[in-house]
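Below is one structure, written out as structure tokens; the observations come after it.
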Amino acid sequence: MLQSLLQNLLNALQWGSFYSLIALGYCLVYGVLLLINFAHGDIFMVGAYIAFFVCTFLLGKYGAIPGLPGWLVLSLAVPLTMLLTAVVGVTLERVAYRPLRRKGVNRLYVVITALMCGLILENGNLALLGASRKSFPTLIPTQVYNLFGVTVTNIKLMVIGVAILSFLLLHFIVTRTKIGMAMRAISYDRFAVPLMGIPADTVIVFTFVLGSGFAGLAGLFFAMTYPVLDPYMGALIGWKAFIAAVVGGIGSIAGAFAGGFLLGFVEIMVVAFFPSTFRDLIAFSILLLILSIRPTGLFGVARRTKI
Amino acid sequence: MKRSWLIALFLVLGMAAPARAADTIKLGFNIPMTGDIPDVGESSKNAAEMLKKKINDAGGIEVGGKKYLVEFIYEDNESKAESALSTARKLITQDGVLGMVGPQSSKQAVPAGEAANDLKTPMMAPWSTNPNTTKNRPYVFRGCFLDTFQGPTAAKFASEEFKAKKAAVLYDIASDYPKGLAEDFKAAFEKINGPGSVVAFETFTTKDVDFSAQLTNIAKSGADVLFVPQYYNEVPLVVKQAKSLGFNKPVLGSDSWGSGDLMGLCGDDCKGYFFVTHYAAAGAKGKTKEFIDEYTKLYKKTPDDVAALTWDGANLMLAAVQTLPAITGDMAKDREALMKAMAGIKKFEGITGDMSYPATGDHDPIKCAVVVKIDDAGKFAFYKSVCP
Chain B
129 MLQSLLQNLL NALQWGSFYS LIALGYCLVY GVLLLINFAH GDIFMVGAYI
179 AFFVCTFLLG KYGAIPGLPG WLVLSLAVPL TMLLTAVVGV TLERVAYRPL
229 RRKGVNRLYV VITALMCGLI LENGNLALLG ASRKSFPTLI PTQVYNLFGV
279 TVTNIKLMVI GVAILSFLLL HFIVTRTKIG MAMRAISYDR FAVPLMGIPA
329 DTVIVFTFVL GSGFAGLAGL FFAMTYPVLD PYMGALIGWK AFIAAVVGGI
379 GSIAGAFAGG FLLGFVEIMV VAFFPSTFRD LIAFSILLLI LSIRPTGLFG
429 VARRTKI
Chain S
1138 MKRSWLIALF LVLGMAAPAR AADTIKLGFN IPMTGDIPDV GESSKNAAEM
1188 LKKKINDAGG IEVGGKKYLV EFIYEDNESK AESALSTARK LITQDGVLGM
1238 VGPQSSKQAV PAGEAANDLK TPMMAPWSTN PNTTKNRPYV FRGCFLDTFQ
1288 GPTAAKFASE EFKAKKAAVL YDIASDYPKG LAEDFKAAFE KINGPGSVVA
1338 FETFTTKDVD FSAQLTNIAK SGADVLFVPQ YYNEVPLVVK QAKSLGFNKP
1388 VLGSDSWGSG DLMGLCGDDC KGYFFVTHYA AAGAKGKTKE FIDEYTKLYK
1438 KTPDDVAALT WDGANLMLAA VQTLPAITGD MAKDREALMK AMAGIKKFEG
1488 ITGDMSYPAT GDHDPIKCAV VVKIDDAGKF AFYKSVCP
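Right, dumping it as structure tokens:
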């Protein structure tokens, strides 16, 4: 019983890591722009596909370079995937969101634009790459460790570690660096900030770079853990991560992180002890309950500064 | 002036339509080109295109002393139940097909069969094993065995081959095919090994990718074998996660494993496992070998069971068309005649085995099942054959 509980706790940590990593992206963009970037789940999907192409390229499948060993491919794939996914995120910002922002339209239109962008990414992928699933290559062989009847793999440990490191890194950037301070300033008053000589657009682009970069990172590790990729893989997990970010208190980095793990934990525990059909029902009832008690989320406070 | 143009146009259209309808026999294909199982749609279409080319190159088929070319209309049902229903209606009412082949998987075939039966159009579901597809639907036919046969076959195989006393099942509760088959397997296994011998009966929902909680329960349950009646896109996820949670016992699959790109997605992890299916490509003989060779030459890959069953299903339907006295052009009459002709086929020699339909009751063929082992080269090798 205790072993089952510990095992499921580990499972929940791994599953929650993905929610957390995606929720961080929602949180950053919302914090700075008050924009719910509904395309974020699909940017995560694009990240997974980019990771797929980067890894197969580095493994020498296309013949451009000789195959590299798996651990080297992984360590090269992490920055490359983050960078390329960030390019996609910034492109969306430049093509879809910035023109709308310049025209000063209501936020509602930007949110709907974001939804459209998500659909474009999904169906663009479907049209370009076809409906067949892609199988993510094995970069490092899975090692199964057994400690007192609890099984853990090296990939699982890595995923959890990456999520925690990402959180610490983001937290450091936002609270300790100059650009982080500018981000917080924009979230406080977007119209006064340019008057102080801070280039608002640069800061917004940086926010998208960070958010999309971590979505790409999540995509890479998601593909390593669940190695079957399809164009719609980002939609549902994106929505759920968004809900997790809201429950954590959207705009709060610690909140997004905690919300992601909370959702992962509740989902896994429900499945472990109830029929799986109850999973979303119970999980989201609990989240709804939390929100009705604390409408601003676990870490959110009712004030204008977010992030 | 304008009116005369219109009249002329109508005259041309009026002349063109019956002329076209009389020269071709239209069959509709209700198949999943996108969605969860696109490879199933691709296999169906490949087999159908190959068949169409073969027939039309030979000058078409003869019905009542007149030659007809065949025309196949492919419609995508997106692997969704509701799309399969609307696709079936479109093919039958708008495209005016004589008969419909597909949908392939039971999730789509069960609702589409309802529409085909209501609209009195013969439907051939080549790959759907759920009993409800053809139940009390005289217009719906099937090209394969039933889950009520497949489930017990798998249960018996697990008990004999692995000496399993306890079994676990992991299946998608939101899809007709895995759900029905999982229940059939459970009933049969408990009949052999006593009540409670299925120690874990875990579920998930379509599109789930994380099964760690379910597999934790399965690993702890002490089961000797895990039965996974899922499609090729879910099997790799289940198998890999089971291994990473320390479950190293055999995994047994169903006919849904054999389709599509199972080995491409699963790689080494699936080697050594067994599944129950309709035919084995490796080591085939006679007509089956001819089909496999031609298909491999055309599409550069070995045909899966879906391709073979689609070939058989469409062929059976066209064989029935050939026994009709004539194509009258009256859709309702022709469709009814075709349904009767299909039901009346005594013995159709297909590449997946001989087919015949029982004189009374539902239109389910009596066919044998094959147990296939995934060998070290990743090929689906014939292991044993089980007949009813």
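Chains B and S supply the protein sequences, listed in that same order. The letter at position 196 of the first sequence is residue 324 when you use the working numbering, and the numbering goes up by one with no holes. The letter at position 1 of the second sequence is residue 1138 when you use the working numbering, and the numbering goes up by one with no holes. Just so it is clear, CB atoms sit at the ideal spot from N, CA and C, and this is done for glycine as well.
- Annotated three-state conformation of Thr1340/S is strand, per DSSP.
- Not a single CB atom of chain B sits nearer than 9 angstroms to the CB of Val1365/S.
- Contact annotation: in the stretch 338 to 357 of chain B, residues whose CB is within less than 9 angstroms of a CB in chain S are Phe350, Thr353, Tyr354, Pro355, Val356.
- For Tyr1211/S, the closest of Ala1184/S, Val1523/S, Val1277/S, Gly1202/S by C-alpha to C-alpha distance is Ala1184/S.
- Not a single CB atom of chain B sits nearer than 9 angstroms to the CB of Glu1212/S.
- With contacts defined by Cβ atoms closer than 9 angstroms, Arg1226/S and Ala1252/S form a contacting pair.
- Fewer than three Cβ pairs drawn from the stretch 1414 to 1429 of chain S and the stretch 1456 to 1465 of chain S lie within less than 8 angstroms of each other, which leaves the two stretches out of contact.
- DSSP, read as helix, strand or coil, puts Gly347/B in helix.
- In chain S, no part has a C-beta under 7 angstroms from the C-beta of Asn253/B; the shortest such distance is about 12 angstroms.
- Annotated as proximal: Asn1214/S and Ala1249/S, with beta-carbon spacing under 9 angstroms.
- Using a Cβ-Cβ cut-off of 9 angstroms, Met397/B counts as an interface residue toward chain S, since at least one Cβ of chain S sits closer than that to its own.
- Under DSSP, Thr266/B takes part in no beta bridge, so it has no partner.
- Here Leu1374/S is buried. Its C-beta has 16 or more other C-beta atoms within 10 Å.
- Leaving aside the five residues that flank Leu254/B on each side, the residues in its chain whose CB is nearer than 7 angstroms to its CB run, in chain order, Pro359.
- Only buried fits Asp1347/S, as 16 or more other CB atoms lie within 10 angstroms of its CB.
- As summarised for the stretch 1302 to 1377 of chain S, the continuous beta strand (DSSP E) elements at least 3 residues long and confined to that stretch are 1304 to 1309, 1335 to 1341, 1362 to 1365, given in chain order.
- At the C-beta level, Val160/B and Met311/B come within 9 angstroms of one another.
- Here the C-alpha atom of Phe1517/S lies approximately 13 angstroms from the C-alpha atom of Cys1403/S.
- As the crow flies, the alpha-carbon of Phe402/B is around 16 angstroms from that of Val1306/S.
- In the same chain as Val1277/S, and ignoring 5 residues on each side of it, the C-beta atoms closer than 7 angstroms to its own belong to Gly1250, Ala1253, Asn1254, Met1260, Ala1262, Thr1270, Thr1271, His1500, in chain order.
- Here Val1362/S has Ala1295, Phe1299, Ala1301, Ala1304, Lys1386, Pro1387, Leu1389 as same chain residues with Cβ atoms under 7 angstroms from its own Cβ, once five neighbours each way along the sequence are excluded.
- Between Asp1313/S and Lys1244/S, the gap from beta carbon to beta carbon is short of 9 angstroms.
- A distance below 9 angstroms separates the beta carbons of Gly383/B and Ala373/B.
- Taken through DSSP and simplified to helix, strand or coil, Tyr273/B comes out as strand.
- Positions of the beta strand (DSSP E) runs, each at least 3 residues long and wholly inside the stretch 1376 to 1460 of chain S, are given as 1388 to 1390, 1411 to 1414 in order along the chain.
- At least one C-beta of chain B is nearer than 9 angstroms to the C-beta of Lys1377/S.
- In the structure shown, Ala1496/S falls within a coil segment according to DSSP collapsed to helix, strand and coil.
- In this chain, the beta strand (DSSP E) harbouring Glu1212/S covers 1203 to 1213.
- Taken in chain order, the complete alpha helix (DSSP H) segments of 4 residues or longer contained in the stretch 283 to 365 of chain B are 306 to 316, 328 to 353.
- Residue contact with chain B for Ala1185/S: absent (no Cβ-Cβ distance below 9 angstroms to any residue of chain B).
- Its Cα nearest to that of Leu275/B, the residue Ser132/B stands out among Ile421/B, Ser420/B, Arg422/B, Ser132/B.
- Close to Ile1511/S, with beta-carbon spacing below 8 angstroms, lies no residue of chain B; the smallest spacing is near 16 angstroms.
- Close to Lys1357/S, with beta-carbon spacing below 9 angstroms, are these residues of chain B in chain order: Gln131, Ser132, Gln135, Gly277.
- Taking the CA atoms as reference points, Pro269/B sits about 13 angstroms from Val201/B.
- Chain S has a Cβ within less than 9 angstroms of the Cβ of Thr266/B.
- Closest in C-alpha terms to Leu267/B, from the list Leu426/B, Gln142/B, Gln135/B, Leu186/B, comes Leu186/B.
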